[in-house]
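K.L.:
The working numbering puts the sequence shown at residues 1 to 160.
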Amino acid sequence: MKTTMTVFIAAAIAAAAWFLLVPSQEARVKKAFAQTAATLEKSGREPPLDAMGKARALAELAEVQCVLEYDGASFTLAQERSAMASRIATLRNMSSRIHVAFKDVSVSFPDSATAEASCGFVFEGDDLGTGVRDARSIEAVLHKDGESGKWRFSRVRAAR
Numbered sequence: 001m002k003t004t005m006t007v008f009i010a011a012a013i014a015a016a017a018w019f020l021l022v023p024s025q026e027a028r029v030k031k032a033f034a035q036t037a038a039t040l041e042k043s044g045r046e047p048p049l050d051a052m053g054k055a056r057a058l059a060e061l062a063e064v065q066c067v068l069e070y071d072g073a074s075f076t077l078a079q080e081r082s083a084m085a086s087r088i089a090t091l092r093n094m095s096s097r098i099h100v101a102f103k104d105v106s107v108s109f110p111d112s113a114t115a116e117a118s119c120g121f122v123f124e125g126d127d128l129g130t131g132v133r134d135a136r137s138i139e140a141v142l143h144k145d146g147e148s149g150k151w152r153f154s155r156v157r158a159a160r
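#1: Mind checking which residues open and close the beta strand (DSSP E) that includes Pro48?
#2: Closest to Asp50 by CA distance: which of Glu116, Ser86, Gln25, Glu26 is it?
#3: Buried or exposed: Gly120, going by 16 or more other Cβ atoms within 10 Å of its Cβ?
#4: Spell out the partners DSSP gives Glu63 in its beta bridges.
#5: Excluding the 5 residues preceding and the 5 following Phe19 in the sequence, name in chain order all residues of the same chain whose CB lies nearer than 6 Å to its CB.
#6: Per DSSP, which residues does Ala85 bridge with? Please list them.
#7: Among all the DSSP beta bridges, which residues are the ones paired with Ser106?
#8: Expressed to the nearest angstrom, what Euclidean distance is found between the alpha-carbon atoms of Val122 and Met84?
#9: Comparing alpha-carbon positions, which option in Val141, Leu91, Ser43, Arg136 lies nearest Asp111?
#10: Which of helix, strand or coil does DSSP assign to Ala37?
#11: Can you tell me whether DSSP reads Lys150 as helix, strand or coil?
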């Protein structure tokens, strides 16, 4: 009887620890948004190696065939991650200050390897010395990488 009770308590503790310590798939998708915002953040000039490291980290959050839609214009980033990182570094270099926030991220899962997310998006920064603030709504599709288990953006649509 004592052994059965000990096994039951140990199983209950293990189950509670599992649910508390292992993040849900929704939390992992939201983490991709948080990583994107943190990596885009820029408060002044950056050393070139730091800037390229951030650009590589951003490229790692996207699938190789990532589609970006902005104001009806569609851009397909269908290229190797190194070329994608170079393009991202060039775009980040256009602003000396960048602050990005994703607000109220909601996530649904049409299947176990696909996530659809929507949220508000606020960009604050400068564009060639002129202050810019832009707010949009975002709809994104992410796919779960089969090898790493990471969620990567495959389509992002920004609309007013």
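No residue lacks a Cβ here, since even glycine has one placed at the ideal position from N, Cα and C.
P.N.:
On the basis of the coordinates in this document:
#1: Translated into the one-based positions of the sequence shown, residue 48 becomes position 48. Premise fails: Pro48 lies in the alpha helix (DSSP H), 48-60, not in any beta strand (DSSP E).
#2: The sequence position of residue 50 within the sequence shown is 50, counting from 1. The candidate whose alpha carbon is nearest that of Asp50 is Ser86.
#3: By 1-based counting over the sequence shown, the position of residue 120 is 120. Label assigned to Gly120: exposed.
#4: Walking along the sequence shown from the start, residue 63 turns up at place 63. Answer is none; Glu63 lacks a bridge partner.
#5: Taking the sequence shown and counting its residues from 1, one reaches residue 19 at position 19. Because Phe19 carries a pLDDT of 48, less than 50, the predicted location of this residue cannot be relied on, and the following value inherits that uncertainty. None.
#6: One-based indexing of the sequence shown puts residue 85 at position 85. None; Ala85 has no bridge partner.
#7: For this step, residue 106 is matched to residue 106 along the sequence shown. DSSP lists Ser118 as partners of Ser106.
#8: In the sequence shown, counting from the first residue as 1, residue 122 sits at position 122. In the sequence shown, counting from the first residue as 1, residue 84 sits at position 84. Cα to Cα, the separation comes out at about 23 Å.
#9: As a first step, residue 111 must be located in the sequence shown, where it is residue number 111. Comparing Cα-Cα distances from Asp111 to each of Val141, Leu91, Ser43, Arg136, the minimum goes to Val141.
#10: Looking up residue 37 in the sequence shown gives position 37. Correct three-state label for Ala37: helix.
#11: For the purposes of this step, residue 150 is taken as the residue at position 150 of the sequence shown. Looking at Lys150 - three-state DSSP - the assignment turns out to be coil, as it is neither helix nor strand.
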